[in-house]
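Comments concern the structure below.
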Amino acid sequence: MISKLRNRFSLPLLARELTQQAGRKSLYAARTALVLGMILWIWLAAGSRFSQDSTLSINNLGIGRSLLRELVNVLFIGVYVLVPLLTSGSIAREKENDSLQLLLLTRLGPWAIILEKYLSRVLPMLLFLFCALPVFAYLYSLGGITEDVVFSSFYLLVLAVLQLNALCLACSAGTGTTMSALVTSVVIALGVFACPVTTFLFPPLLNWLAFDGRIFNYGTVDSGWQNVFSVLMASIPIWISTGVFLILARWLLIRRSAVKTTNLIYVFFQKLDKVFNEWNKEMTGGIILIQDRNDLPEFEPVAWKETRKTAVGTARYLIRLLVALELPTLFFCAFLMTEGVQNVTIFYSFTLLLLGIAILILINKSSGLITQERMQQTLDVVLTTPLEGKDILLQKSRGVRKLWIILMIPLATVVVSKTLIINPEHQFSYLFLIGGFIAATAYFCIWLSIYIGLKQKRHIYAVMTTMGVIGMWCVSFKLVQLIDPSSMSRDSYTSFLMILSPVEVLRLIDQITEYFLYDEAFIFSTALGYIAYTVAMALGIRMYCLRQADRLLGRISDENSKPEGVPNPAEKSLQEEPSPA
Amino acid sequence: MSNTPSGGNTAAIDTSDRAADDRGPVPAIEMKGVSHRFKDHQALDGVTFKIPQGALHGFVGPNGAGKTTSLKLICTLLKPQSGLVRVMGLNVLTHVKEVRQQIGFMPDHFSSYRQMTVFEYLDFFGAAYGLPMRKRNEVIEDVLELTDMGGRKQSLIGGLSRGMQQRVSLARVLVNDPKLLLLDEPASGLDPRARIELMEILQALQDLGKTIFISSHILKELEELCDSVTIIDRGRIKYSGTIDELRDHGHENIAYRIQITNGEADPIETLLGIEGVVSAIKVGNSRAIRVTLDDGRLSANQLLSELISRNITINSFEKEQRQLNQAFMDLTEQGVR
Chain C
1 MISKLRNRFS LPLLARELTQ QAGRKSLYAA RTALVLGMIL WIWLAAGSRF
51 SQDSTLSINN LGIGRSLLRE LVNVLFIGVY VLVPLLTSGS IAREKENDSL
101 QLLLLTRLGP WAIILEKYLS RVLPMLLFLF CALPVFAYLY SLGGITEDVV
151 FSSFYLLVLA VLQLNALCLA CSAGTGTTMS ALVTSVVIAL GVFACPVTTF
201 LFPPLLNWLA FDGRIFNYGT VDSGWQNVFS VLMASIPIWI STGVFLILAR
251 WLLIRRSAVK TTNLIYVFFQ KLDKVFNEWN KEMTGGIILI QDRNDLPEFE
301 PVAWKETRKT AVGTARYLIR LLVALELPTL FFCAFLMTEG VQNVTIFYSF
351 TLLLLGIAIL ILINKSSGLI TQERMQQTLD VVLTTPLEGK DILLQKSRGV
401 RKLWIILMIP LATVVVSKTL IINPEHQFSY LFLIGGFIAA TAYFCIWLSI
451 YIGLKQKRHI YAVMTTMGVI GMWCVSFKLV QLIDPSSMSR DSYTSFLMIL
501 SPVEVLRLID QITEYFLYDE AFIFSTALGY IAYTVAMALG IRMYCLRQAD
551 RLLGRISDEN SKPEGVPNPA EKSLQEEPSP A
Chain R
582 MSNTPSGGNT AAIDTSDRAA DDRGPVPAIE MKGVSHRFKD HQALDGVTFK
632 IPQGALHGFV GPNGAGKTTS LKLICTLLKP QSGLVRVMGL NVLTHVKEVR
682 QQIGFMPDHF SSYRQMTVFE YLDFFGAAYG LPMRKRNEVI EDVLELTDMG
732 GRKQSLIGGL SRGMQQRVSL ARVLVNDPKL LLLDEPASGL DPRARIELME
782 ILQALQDLGK TIFISSHILK ELEELCDSVT IIDRGRIKYS GTIDELRDHG
832 HENIAYRIQI TNGEADPIET LLGIEGVVSA IKVGNSRAIR VTLDDGRLSA
882 NQLLSELISR NITINSFEKE QRQLNQAFMD LTEQGVR
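Those protein sequence lines, which keep their order, are chains C and R.
The opening position of the first sequence corresponds to residue 1 in our numbering, with each subsequent residue numbered one higher.
The opening position of the second sequence corresponds to residue 582 in our numbering, with each subsequent residue numbered one higher.
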């Protein structure tokens, strides 16, 4: 009887998933690093805000509120970064391994599969959130916050985990690969949370309102449990959306169980191609100015494949991409320029956004150069040809170079547009520094991604690792500031520290027209220092990759090869040895 | 060809350039004392064998026996941690490029660029092997004809059937006119017709003087196709030699199948009554009897003479040969690693 009940209510899939996760050392390392990072951050942040005269503890009372707000924001960022990365593969990977069909043949029903998969991703994230509770308690002791704020913050964090996991699970059930599940999750999440009609489904927004007691009580601060009740009421749509995503996941699980892997970029380009062809027919009657060459490889087959046979390599598709990015950019820049110098600050945000998109596309392409071949199992046969490892890498990077040039054009449009409206005195300096900054940053990201792609087996891991490294690189100056608050000054030490972070350097270059913030020499030295060390790092990685290409690709290096006729000292001894036959 | 089991580990990597035994023809593949370890898993342990040029050689072993590791070592994808690997007399460590020119490797998975046409795919590899463009066209036409894919050269690879994709893969292997073909499970996933056709192509290639080294699980086909075979288990070579020798390898007593009539007497008792007959067992539901003889005391001729002298009618008599799968089961250990 008991064994029957145990069998009936056992959760084999959840057990398997949790066991598999428990076996991954990298996940342990990531979670430990996150928890330690959180504790370190709060210790440093609290330390830096304590009154200079620490004997008067009364001076420190109330700082808990601002610290809690920051901590919760950081935790929300952690949730929105980690959950898509961890959950996107939950069902899509089963499809990649052809094991989903087998799973569907077991006694587990579709709902059981969905819920067990869901729990397997939710539980570790909740565990991570529970690790933050002692920190919440510590901040509570610093004063400035009430129990209802602590409760509603934690409640909304948990809700964010539940909702986002459900959304990612639905995307994972609907797509064929982990990578496409990740991209779909990000796109849908951005669409839902950024849309003014559905933005109330975004838990962090609710938290910001709840923190100031502004839910259902606009403008008044309500510190009682009435606030908690307001949060619970306001969160009902989030619960409903979570349920809808789970039902969607259940529906897609069966309908899309045998979905074939599709290249989303390729599909996007095909659709774009269709639109352009229709426009071309209507407007010009079908005149084609640039025809895709349908030639065969002459001497560099890998470069030929990268530039003729991949979605983001073909000239036709690259031009489509350029037009799709450049047209709105041009229109937006022209609009901002008509308004004059008052829009200078908007250009900064726009540059940051476009640079972010460009870097993401470059990371995806560069890290996939080798990992895609590994995953499609096409690398081994290329490696058994006499092509040198260095040549394979250089030819592979040819496709990225084209894409890099195309992505830099809209950025150049934004930069030039801004240059035209700033003070002519700073135009050359700005153009020179921002141009160098963008080119150096993109070049570094490309070679970092190629290197990480060479080390990783799966594309998704390579993209995640590269994004993690670049993310740490971006916030490095902030971390240094936490450890050493004196780095806020404007001396050479600060300049040295600022070059660690591209975001800080970009902000600095943008402020070149504002003398009251930083003098031009400081900006120049910092920006040039950044460009020099970034290019040096990129060249260093490139050199290492090319020198170690054979080893990193996974074959015997031909460095040991000797020209014909060179005698080998070991040869004689072996010839004297009797044959084993 | 060596038919001895593997020896012990060689302490260091051997980097000598030419084949050890220059007196005879250079073997197509020579592995001597090769060991390879992945973390705590000993994939190969002192592997030693030689394959002569022009052979169609089968390489068999259970899952995890070390077949793929051996293949990867031969085709320069892995560096041997100890021992010597030579291809056409060239050390894979010191003549990497030359070895790559001599081999054509077909992995167990079908690895192709699905977005290319058959012709583009073959041309891609022709360029990778450094063939001049004019010569490439001729070579591609030849290999397509050999693999009977001439009519599909403009078809997208992604749209071909599994059997056709395997033919394209074989055509790709032949583009650089290699002396040695390394095929890992070439017939897996193919229907019976495609399998038979593939075997015919392989035999034709052997007739052209190619050495073919096939790693496979399908023992029956290897038995029909190959001249010789190497059996590997748990990283050690259990047997390397001709299939005929393998059939007798390890037999303590020679077995025969015989059908006799001796009036009303029980034929089994009659046979057991002859001195030197170790056992006589009825084979299934047939009238045949499996007789094992003590090789030192009684030969087949003596047995037949004895039966004739006793006026026993002999209906049929044949020497029983071990099948490859029986030899394989005898030589390899039970269970997976």
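Even glycine gets a Cβ: it sits at the ideal position worked out from N, Cα and C.
(message) Given this structure, state the Cα-to-Cα distance separating Y218 (chain C) from L162 (chain C), to the nearest angstrom.
(response) The predicted position of Y218 (chain C) is uncertain, since its pLDDT is 45 and thus under 50; a value taken from the coordinates is nonetheless stated next. Computed Cα separation, rounded: 27 Å.
(request) Determine, using beta-carbon pairs with one atom in the region 610 to 627 of chain R and one in the region 662 to 672 of chain R, whether at least three such pairs fall under 8 Å. (result) yes
(request) Let me know if T649 (chain R) comes out buried or exposed under the rule of 16 or more other beta-carbons within 10 Å of its beta-carbon. (result) buried
(message) Between K309 (chain C) and chain R, is the shortest Cβ-Cβ distance under 7 Å, so that the two count as touching?
(response) yes
(request) Would you verify that the beta carbon of I556 (chain C) is, or is not, closer than 7 Å to some beta carbon of chain R? (result) yes
(request) State whether the region 799 to 808 of chain R contacts the region 723 to 737 of chain R, with contact taken as three or more CB pairs (one from each stretch) at a distance under 8 Å. (result) no
(message) 7 Å is my cut-off, CB to CB: does L387 (chain C) come that close to chain R?
(response) yes
(request) Spell out the partners DSSP gives E611 (chain R) in its beta bridges. (result) R:K631 and R:R667
(message) For a contact defined as C-beta to C-beta under 8 Å, what are the partners of T792 (chain R) on chain C?
(response) Chain C residues near T792 (chain R): none, gap ~16 Å exceeds 8 Å.
(request) Using a cut-off of 8 Å between C-beta atoms, extract the partners of Q682 (chain R) located in chain C. (result) P386
(message) Please report whether the beta-carbon of I759 (chain R) lies at a distance below 7 Å from any beta-carbon of chain C.
(response) Note that residue 759 (chain R) is Pro in the sequence shown, not Ile. No, its Cβ sits nowhere closer than 7 Å to a Cβ of chain C.
(message) Measuring alpha carbon to alpha carbon, tell me which residue in C:T106, C:A442 and C:A210 is nearest L355 (chain C).
(response) C:A442
(message) Let's test the definition: count the other Cβ atoms within 10 Å of the Cβ of V810 (chain R) and tell me whether it reaches 16, buried, or not, exposed.
(response) buried
(request) Within 10 angstroms of the Cβ of V197 (chain C), are there 16 or more other Cβ atoms? Answer buried if so, exposed if not. (result) exposed
(message) Going by the DSSP bridge assignment, what does E722 (chain R) pair with across the sheet?
(response) Answer is none; E722 (chain R) lacks a bridge partner.
(message) Does I795 (chain R) pass the burial test, meaning 16 or more other C-beta atoms within 10 Å, or should it be called exposed?
(response) buried
(message) Is the separation between the beta-carbon of N892 (chain R) and that of Q840 (chain R) shorter than 7 Å?
(response) no
(request) Indicate whether the contact test is met: 3 or more Cβ pairs, each with one atom in the region 132 to 149 of chain C and one in the region 167 to 175 of chain C, closer than 8 Å. (result) no
(request) Let me know if D602 (chain R) comes out buried or exposed under the rule of 16 or more other beta-carbons within 10 Å of its beta-carbon. (result) The pLDDT assigned to D602 (chain R) is 48, lower than 50, so where the model puts this residue is not dependable; a value taken from the coordinates is nonetheless given after this. So D602 (chain R) ends up on the buried side.
(request) For R24 (chain C), name the three-state secondary structure that DSSP assigns. (result) coil
(request) Could you tell me whether any Cβ in chain C is nearer than 7 Å to the Cβ of V628 (chain R)? (result) no
(message) In this structure, how does DSSP classify H426 (chain C) when only helix, strand and coil are distinguished?
(response) helix
(message) Going by DSSP, what residue range makes up the beta strand (DSSP E) through K457 (chain C)?
(response) Per DSSP, K457 (chain C) belongs to no beta strand (DSSP E) and is neither H nor E.
(message) Can you confirm whether D295 (chain C), when its beta carbon is compared against all beta carbons of chain R, has any partner nearer than 7 Å?
(response) no
(message) Based on DSSP bridge pairs, tell me the residues matched to E899 (chain R).
(response) R:R838
(request) Have a look at K653 (chain R) and K678 (chain R) and give me their C-alpha separation to the nearest angstrom. (result) 15 Å
(request) Look at A189 (chain C) and L253 (chain C) and say whether their C-beta atoms are less than 7 Å apart. (result) no
(request) Figure out for me which residue from C:S257, C:A249, C:P84 and C:W251 has the closest Cα to the Cα of L103 (chain C). (result) C:S257
(request) Compare the C-beta of L546 (chain C) against all C-beta atoms of chain R and say whether one is closer than 7 Å. (result) no
(request) With a floor of 3 residues, list each beta strand (DSSP E) that falls wholly inside the region 73 to 140 of chain C, ordered by position along the chain. (result) none
(message) Quick check: what's the CA-CA separation for G285 (chain C) versus F331 (chain C)?
(response) 26 Å
(request) Give the residues of chain R in contact with P328 (chain C), contact being defined as C-beta atoms less than 9 Å apart. (result) Those within 9 Å of P328 (chain C) in chain R number zero; the least Cβ separation is about 30 Å.
(message) Restricting to Cα atoms, I'd like to know which of C:L296, C:T465 and C:G529 is closest to V81 (chain C).
(response) C:T465
(request) Count the other CB atoms, across all protein chains shown, that sit within 10 Å of the CB of Q395 (chain C); report buried if there are 16 or more and exposed otherwise. (result) buried
(message) Using 7 Å as the threshold, is the C-beta distance between A549 (chain C) and L393 (chain C) below it?
(response) yes
(request) Please go through the same chain and pick out, in chain order, the residues whose beta-carbon is closer than 8 Å to the beta-carbon of S501 (chain C), but skip the five residues on each side of it. (result) W473, C474, V475, S476, F477 and K478
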